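Below is one structure, written out as C-alpha cells; comments come after it.
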Amino acid sequence: MINNIHTVNSLDLYAGGPSRSVTSLCIALSSQFAGVSPQILTHPAARGSVNVSCDACAVKIVERQRSARPMIDALSMLAKDSPTVLHDHGVWMPINRSSACVSRMVGIPRVVTPRGMLSPWALNHHKWRKRVAWAAYAKRDLMTANLLHATSELEFSELRALGYEGPIAVIPNGIDDEWINQQVPSRPLQRLRRAVFLSRIHAKKGVDELLDVWSALSLNDWELVIAGNDDDGILKGREFPRNCRFVGYVDGQAKKDLFLSSDLFVLPTYSENFGIVIAEAMACGVPVVTTDQTPWTFLPEINAGWVTATGRQPLSDALRDVSQLPPEELRKMGENARHHIRNGYSWSQIAEDMTSVYRWLLGEAECPGCVRFVGAE
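The C-terminal position of the sequence shown is numbered 377 in UniProt numbering, with every residue numbered one higher than the one before it.
Here's what the structure looks like:
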C-alpha cells in the first residue's frame, strides 16, 4: 500500500483550479487503485469560504501560523507509514517549503506539480518578491524534487526553461465523469446568442480586455455573461456594456446549466497551465475562444474554437469572426469540442498514469511512458 500524501495551500472553494484538481485526483486514486492511500494536508479556507470536500480520502487541516513547525510535524507524522510518496501542489507558499524540508529529512520521494505558478506571466507577477524567494529557497526546493509533473506541453517547456534537468511527467488534468457523460440538449436557434466568461476574476484572465472589446463591437444579437468570484474587486465600479451582465460565482449544477445554455466560451487569459474550465465548456458542447498562452492551441485544428494572441485587437478579430458564423456552424464546432474531451480527459486514466509514476519512484515498476528525461525528449 502506497502512503500518498498531497500538500496544497488551500482547498478553498473559491480559490480556483487546484482545489478541484487535487481533490479529483485523490478521489480517482482512492477509488480506482486499492494499492494507493491518498491523504491531503492543507490549510483552512479563507473566512466566508469552505473547503472542497473529499470524502474518498483523509483531509488534515493545519492552522496557518508564523512558524513552519506545526506543518512540518504534521507532515512528518503522516510520512511515518512506508512506502510513502509526497506529492506537493504549488510553489512559493510555506506549505510547499515544509514539504521540501520533510522530503529531505525523512528521505521520501517528492513530486511537485507547480500548477502554473512558474509560467512567465506568474513569475512576473510580484516579480521582485518571487526573485528573492527563488534565490532564498524556491529554486533549491524545485531542483531537488524527484520529479516534476506538468499538466501540458506548454508547462513542460516552461519547467525545462527554468533549468530543471530531472524527470518530468506530462499528465493532463482530468474532468469529472459527470461532465463527460452528461446529456447536452439542443439549443434553440431562434434566440439571443450567449457568450460566457467563467473563471476567477483576476487580471491575468483578461476580463478587462474582454469587456472593452465587447463594448466596442456592439453585437446586438449576442449577450455576454461574466461569471466568477471577484474577491479583489476588479469589477467593482466597472461600467458594463448594455448586452452584458455579471452573475458572480457559480458552481455545481448552476455552472453546468450556464454552459449548456451558451453558444461560446471566452477566456482571453495571459497564463493558463491547463485551464480546466475550458475542458468543462468543451464537455458541454461549447466552442472556445482563448489565447496562445494556454495548452489548448490545437483547437482550430480540430475545428473546436479560436486561438489568438493576447490583447484587445486579436480578441476583437476573433469575436467578430464568431459573430458572422451561422448558429449551425457553432453547434458543429461544439460537437467537435465535446468529442475531443470524451476521448482523453478521464480522471481514471490520469490516476492510472500517476500511480505508475509513484510506483516507479518507489522502485516497484518500470518508468512509464509519460515521464521524460533530458537528452531523450
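Even for Gly, the Cβ is constructed at its ideal location relative to N, Cα and C. Here the structure is a predicted model, which is why all the values come from computation and not from measurement.
Of the residues assessed, residue 77 falls on the exposed side of the cut-off, its CB having fewer than 16 other CB atoms within 10 angstroms.
Each of 136, 198, 218, 221 was checked against the Cα of residue 254, and the nearest Cα belongs to 198. Residue 129 and residue 138 have their alpha carbons spaced roughly 12 angstroms apart.
Counting along the chain, the unbroken alpha helix (DSSP H) around residue 314 starts and ends at 312-323.
Just measuring C-alpha positions, the residue of 37, 352, 223 sitting nearest residue 3 is 37. Put simply, the backbone Cα of residue 217 is about 27 angstroms away from that of residue 186. The alpha-carbon of residue 95 is positioned some 31 angstroms away from that of residue 178. DSSP places residue 280 in the uninterrupted alpha helix (DSSP H) bounded by 276-283.
Residue burial is scored here from C-beta neighbours: residue 80 has fewer than 16 other C-beta atoms within 10 angstroms and is therefore classed as exposed. Judged by their CB atoms, residue 312 and residue 213 are nearer to each other than the 7 angstroms cut-off.
It is roughly 13 angstroms from the alpha-carbon of residue 44 to the alpha-carbon of residue 71. Here residue 1 is exposed. Its C-beta has fewer than 16 other C-beta atoms within 10 Å.
Out of 176, 164, 239, 308, the CA that lies nearest to the CA of residue 375 is found in 164. Beta-bridge partners of residue 37 (DSSP): 3. For the 7 angstroms CB-CB criterion, residue 300 and residue 307 form a contact. In the three-state DSSP reduction, residue 9 falls in the strand class (E or B). For residue 288, the enclosing beta strand (DSSP E) begins and ends at 288-291. The alpha-carbon of residue 271 is positioned some 18 angstroms away from that of residue 171. In the structure shown, the three-state DSSP call for residue 359 is helix.
Using a C-beta cut-off of 8 angstroms, the stretch 240-249 makes contact with the stretch 219-230, since at least three inter-stretch Cβ pairs fall below that distance.
For residue 370, DSSP records no beta bridge to any residue. Note on the stretch 59-142: whole beta strand (DSSP E) runs with a minimum of 3 residues are 84-89, 110-113, in chain order. Sixteen is the threshold: since fewer than 16 other Cβ atoms of the shown chains lie within 10 Å of the Cβ of residue 192, the residue is exposed. Here residue 302 is near residue 340, since their CB atoms are less than 7 angstroms apart. Counting the other Cβ atoms within 10 Å of the Cβ of residue 19 gives 16 or more, which makes it buried. In this structure, the CA atom of residue 166 is about 12 angstroms from the CA atom of residue 156. Three or more beta-carbon pairs separated by less than 8 angstroms link the stretch 134-150 to the stretch 108-118, which places the two stretches in contact. Annotated three-state conformation of residue 245 is strand, per DSSP. Boundaries of the alpha helix (DSSP H) harbouring residue 335: 327-342, taken from the DSSP string. Membership of residue 238 in any alpha helix (DSSP H) is not indicated, and neither H nor E is assigned to it by DSSP.
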